[in-house]
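Participant: Sequential numbering from 132 applies to the sequence shown in the numbering used here.
For every residue, glycine included, the Cβ atom is placed at its ideal position computed from N, Cα and C.
Here's a structure for you.
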Amino acid sequence: MTLPHMIELAVAVLLLVAGVVLYRRRDGSDSYGSQGAVLLFVVGAIVAIHALSLMDYHPTAAEADMIRARSQ
Numbered sequence: 132m133t134l135p136h137m138i139e140l141a142v143a144v145l146l147l148v149a150g151v152v153l154y155r156r157r158d159g160s161d162s163y164g165s166q167g168a169v170l171l172f173v174v175g176a177i178v179a180i181h182a183l184s185l186m187d188y189h190p191t192a193a194e195a196d197m198i199r200a201r202s203q
């Protein structure tokens, strides 16, 4: 894992922690919770997925062979 990925993962953890703190501090009269906390959870999850490279494209062996054949 490279340094930029580690920094991005740390930012994701901070966003998730901020979401937990914001959600826990909500008023008792608010029965729906905090929309801001939910947004922080979603953004934190997306940043974590990106930092861990879970959505990177890795071609299959057949696709790699096809790409090599087209480039020759």
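1) For the pair the region 190-199 and the region 145-156, tell me if three or more CB-CB distances fall below 8 Å.
2) Closest by CA to His136, which one among Met186, Ala182 and Leu146?
3) Could you spell out where the alpha helix (DSSP H) holding Ile166 opens and where it closes?
4) Check His189 in the structure and name its three-state DSSP category.
Facilitator: Working from what's here:
1) Fewer than three pairs of CB atoms, one per stretch, sit closer than 8 Å, so the region 190-199 makes no contact with the region 145-156.
2) Comparing Cα-Cα distances from His136 to each of Met186, Ala182 and Leu146, the minimum goes to Ala182.
3) Correcting the residue type first, residue 166 is Gln in the shown sequence and not Ile. Here the alpha helix (DSSP H) through Gln166 covers Gln166 to Ala182.
4) For His189, the secondary structure class from DSSP, reduced to helix, strand or coil, is coil.
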